Amino acid sequence: MRRLTLSTLALILAPAIANAECTQPTGAELVNKPSALLSFTICLHNQQAEALRSQSEQMISMSELANQHSAAFVAIQEQNAALRSALIEATSFLNDAVLENQSLRRRVELLETKVDRLNQR
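No gaps in the numbering here: position 39 of the sequence shown is 53 in the numbering used here, and each next residue is one more.
If you want it as structure tokens, here you go:
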């Protein structure tokens, strides 16, 4: 004869007990129905398992959301790096333009000085 283990019995009884209200057996119920304590224990375990499953699903959802935020953060960092590079390039261009402008002003001043000297002669 095959012996039922507690886990096998739990698997057999679990569907019937899963939606049942867990009511602690009385002394009389324990005497009349020895499996009452086992049924109660299985019911409590099923409720705990359901609560843990629900928590696990919530944690998975939060993890997926965190992954989405992480991906968005990485994309923003990449955009910031591209913008920083563009700003550096624009700043370099403007600095070169300022230097060129200063050089041209000096040339104009020199030419104006030469023109003034020529006009004075």
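For every residue, glycine included, the Cβ atom is placed at its ideal position computed from N, Cα and C. Being a predicted model, the structure only gives us computed values, none of them experimental.
First and last residue of the uninterrupted alpha helix (DSSP H) at residue i
{"i": "Cys57", "result": "Ser49 to Gln134"}
DSSP state of residue i mapped onto helix, strand, coil
{"i": "Glu35", "result": "coil"}
{"i": "Met15", "result": "With a pLDDT of 48 at Met15, under the threshold of 50, the modelled position of this residue cannot be trusted, and the question is left open."}
Residue from the options with nearest C-alpha to residue i
{"i": "Gln62", "options": "Glu35, Glu78 and Leu79", "result": "Glu35"}
**Q.** Touch test, the stretch 88-102 against the stretch 67-75, Cβ-Cβ under 8 Å, three pairs minimum
**A.** They do not touch, by the three-pair rule.
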